[in-house]
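Mapping the sequence shown onto this note's numbering, position 153 (from 1) lands on 158, and the numbers just tick up by one.
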Amino acid sequence: MKTAIQPDEMGFYGEFGGAFVPELLRPNIEELTRAFRTAQDDKSFQADYLSLLKDYVGRPTPLYYSSKLSDTHGCAIYLKREDLNHTGAHKINNTIGQILLAKSMGKQTIVAETGAGQHGVATATTCALMDMECIVFMGEVDMARQAPNVQRMEFLGAKVIPAKSGSRTLKDATNEAIRFWINHPDAYYLIGSVVGPHPYPEMVAYFQSIISEEIQSQLKEKTGSSSPTKVIACVGGGSNAAGAFYHFYENEDVELIAVEAAGKGLNSGESAATSILGTPGVLHGSMTLLMQDAYGQVTEPYSISAGLDYPGIGPLHAHSIQTGRTKSISVSDEQALSAAKNLSRNEGILPALESAHALAALEQIELSPSDIVVVNLSGRGDKDLSTYLQHSSK
């Protein structure tokens, strides 16, 4: 896996990034950075990682040509089927890498945060595989709307602890996970997205880069070219987008489109479109774009999708959007629900609500017959079925 984009030595992508952590956690961050650098150059580590991706996760995931979407939009549209991974989402690409890293560091207890539950399930799965204790913090609101994933985590042996403060969603689960880490520095904090203090954003993007690596080889086989003209992915924190964009950042001919959750509308006061509504500030250990008031207090985000209901964005994405390399657009709840229904009825694929936002972007962007578009289908929609059924009756 070749590095396509890296932060500087302090973990900054332009003005975004860094490691803003309590002094108690500084040794943890330094230890993690050393272990990650060693793993990058360790052929045995890489072999174990790639072997598990192949034989346990089920990679490579298919790159599916959607004839119906292609006919509708007048260009070639492919779906990168991350929903077909073991556990049903892209999240396990990262948890496999980090669990191997934790094991190499001699860690026994893993702590994680989760929003939609997919990262929590992937973490619980890999902890069961590696015989490690698993503690997952999840917002109380998210536990109710993603109940199947809570049940899966618990059946896999994880302890799921509700976050009862604030909006009781992903932001608050992350707060609780960091507090636990501060009080239990011997634990390994397994962050699920390209957020948090350096080296987490770089590390998670690195482990997710297998997505764009496969897109390149699969497109070459199908079209004769390894590069699409556009790559579309949803962004909350942004791990699936970082993976889908990774090997294309340096190719200016590929347009990168990050899709955020507009919720009930950009001006409704109930949105999670961070790159549009946010301003620079520090959130969960890194300088990034976040939704905050005039006093620097984080404002509550909203999205029908638990995985996009986050007030910040990964510093890599903040930098890429600010510099114009990535185009950012937003999709409302209703638009995402409509896109999910269309894909389910027309292709027999039930997408996660997060992925449905990326699909809905096809209605908002200008497309030409020569376009080759890849939409990253980051997860499957089993976990969102109750939400889909609730809204289909309206």
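Where a beta carbon is used, it is the ideal one built from N, C-alpha and C, also for glycine.
* Beta-carbon proximity list for threonine 331, same chain, < 6 Å, skipping 5 on both sides -> Leu261, Ala263 and Ser325
* Which residues in the same chain have their Cβ closer than 6 Å to the Cβ of glutamate 305, if we skip the five residues on either side of it in sequence? -> Ser172
* Check the C-beta distance from alanine 178 over to glycine 120 and give it rounded, since I have them as a contact under 8 Å. => 7 Å
* Asked: Terminal residues of the continuous beta strand (DSSP E) containing phenylalanine 405?
  -> Residue numbering for the chain in the displayed model covers 6 to 399; residue 405 lies beyond these limits and cannot be assessed.
* With distances taken Cα to Cα, identify the nearest neighbour of glutamate 138 among Met208, Met158, Gln123 and Val209. => Met158
* Which of helix, strand or coil DSSP assigns to methionine 208 -> helix
* Asked: On the premise that aspartate 389 lies in contact with leucine 358, defined as a C-beta separation below 8 Å, what is that separation, rounded to the nearest angstrom?
  -> 5 Å
* Report yes if the C-beta distance between glutamine 123 and glycine 384 is below 7 Å; otherwise report no. => yes
* Asked: Can the beta-carbon of serine 71 be found closer than 7 Å to that of leucine 84?
  -> yes
* Asked: Is phenylalanine 21 helix, strand or coil by DSSP?
  -> strand
* asparagine 272, enclosing alpha helix (DSSP H) - first and last residue -> First-last for asparagine 272: undefined, no H or E at that position.
* Asked: Looking only at its own chain, which residues have a Cβ that is under 8 Å from the Cβ of arginine 150, when we skip the five neighbours before and after it?
  -> Ala311, Ser391 and Thr392
* Asked: Since leucine 295 is in the beta strand (DSSP E), which residue starts that stretch and which ends it?
  -> 291-295
* Which listed residue (Ser343, Glu371, Cys239 and Ser291) has its alpha carbon closest to that of aspartate 314 -> Cys239
* **C-alpha gap between glycine 329 and glutamine 113, whole angstroms** => 42 Å
* Simplified DSSP state of glycine 63, which is helix, strand or coil -> coil
* **Run of the beta strand (DSSP E) containing arginine 39, from where it starts to where it stops** => That residue, arginine 39, is in no beta strand (DSSP E); its alpha helix (DSSP H) goes 31-45.
* For glutamate 181, which option in Tyr205, Ala117 and Gly243 has the closest C-alpha, if you only look at C-alpha atoms? -> Ala117
* Taking 8 Å as the threshold, find out whether the segment 27-40 comes into contact with the segment 219-234 through three or more Cβ pairs. => no
* Asked: With respect to the beta strand (DSSP E) encompassing glycine 286, which residues constitute its N-terminal and C-terminal limits?
  -> 284-288
* To do: Have a look at alanine 163 and glycine 144 and give me their C-alpha separation to the nearest angstrom.
  => 15 Å
* To do: Within 10 angstroms of the Cβ of threonine 8, are there 16 or more other Cβ atoms? Answer buried if so, exposed if not.
  => Model confidence at threonine 8 stands at a pLDDT of 43, short of 50, so the residue's coordinates are unreliable and nothing is read from them.
* Per DSSP, what kind of secondary structure is glycine 171 in: helix, strand or coil? -> coil
* **Range of the contiguous beta strand (DSSP E) that encloses alanine 81** => 81-86
* Do proline 202 and glycine 102 have their C-beta atoms within less than 7 Å of each other? -> no
* Asked: Quick one, which of Thr234, Ala366, Thr66 and Pro204 has its alpha-carbon nearest isoleucine 334's?
  -> Ala366
* To which residues of the same chain is tyrosine 61 closer than 8 Å at the C-beta, ignoring the five residues directly before and after it? -> His91, Ile101 and Leu134
* Return yes when the Cβ of leucine 342 is within less than 7 Å of the Cβ of histidine 396, no when it is not. => yes
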